[in-house]
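S.K.: The structure that follows is given in the form of structure tokens.
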Amino acid sequence: MLDELVRDYSAYLKLDVLNGFQTVQDVVDNMLTRLEELTSVLQMVKLKNSDCGSAVSEDISKYRSEITALSKKITTLIHVIQKLQNNVDQLEKQVDKAETDFGVNNDNKIKSFLKPFLKRNKEIVSTNTPTQPYEKLVFETVLDNFEGKP
Numbered sequence: 003m004l005d006e007l008v009r010d011y012s013a014y015l016k017l018d019v020l021n022g023f024q025t026v027q028d029v030v031d032n033m034l035t036r037l038e039e040l041t042s043v044l045q046m047v048k049l050k051n052s053d054c055g056s057a058v059s060e061d062i063s064k065y066r067s068e069i070t071a072l073s074k075k076i077t078t079l080i081h082v083i084q085k086l087q088n089n090v091d092q093l094e095k096q097v098d099k100a101e102t103d104f105g106v107n108n109d110n111k112i113k114s115f116l117k118p119f120l121k122r123n124k125e126i127v128s129t130n131t132p133t134q135p136y137e138k139l140v141f142e143t144v145l146d147n148f149e150g151k152p
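Quick note: the sequence shown, position 8, residue 10 per my numbering, numbers continuous.
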């Protein structure tokens, strides 16, 4: 019985170090393989990046004049749009003033159009109301932005 107990405990305490380290060795080998692959990929990316950077810098210097011309055209168009917006604002102010002076109501155009005819029977519309002379609108020209330019 004592011999059996000794054999059982020796089997229990027996360590298979070689088998345990084999899995660790496999993991380390696998990790080294992946690191080598990653290193080679990073080297390829670094080479491509330098090639791409030089190509982009060449393209920038090649198309610099075209980009500058396009930028000037965009700036000119921005100024044209601002001038046109100012012209439209002036025109809208004059139209609003004229609508107010003539009593135009945009809510119901047919009714406001027929209003003088409908009110004729009831009251006479006075046409002697003094109207203020309208000032002449001076619009900013935008053509000078385009003349003589390619």
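For every residue, glycine included, the Cβ atom is placed at its ideal position computed from N, Cα and C.
#1: Check whether the Cβ atoms of Val144 and Lys85 sit closer than 7 Å, and answer yes or no.
#2: Are there 16 or more other CB atoms within 10 angstroms of the CB of Gly55, so buried, or fewer, so exposed?
#3: Does the distance from the CB of Phe141 to the CB of Asn89 come in under 7 Å?
#4: How about Leu139 and Gln92: do their beta carbons lie closer than 7 Å?
#5: From which residue to which residue does the alpha helix (DSSP H) around Glu68 run?
#6: By Cβ distance, which residues of its chain are closer than 7 Å to His81, with the 5 residues on each side in sequence left out?
M.R.: Walking through what the data contain:
#1: For the purposes of this step, residue 144 is taken as the residue at position 142 of the sequence shown. For the purposes of this step, residue 85 is taken as the residue at position 83 of the sequence shown. Cβ distance < 7 Å, so Val144 and Lys85 count as in contact.
#2: What you label residue 55 is simply residue 53 of the sequence shown in a count that begins at 1. Burial call: exposed.
#3: Along the sequence shown, one-based indexing puts residue 141 at 139. Along the sequence shown, one-based indexing puts residue 89 at 87. Yes, Cβ-Cβ distance for Phe141 and Asn89 is below 7 Å.
#4: Counted from its first residue, the sequence shown places residue 139 at position 137. Counted from its first residue, the sequence shown places residue 92 at position 90. Their beta carbons are under 7 Å apart, which means Leu139 touches Gln92 by this criterion.
#5: Position 66 of the sequence shown, counted from the start, is the residue given in the question as residue 68. Arg66 to Phe104 is the extent of the alpha helix (DSSP H) around Glu68.
#6: Here residue 81 refers to the residue found at position 79 when the sequence shown is read from its first residue. Same-chain partners within the cutoff: Asn147.
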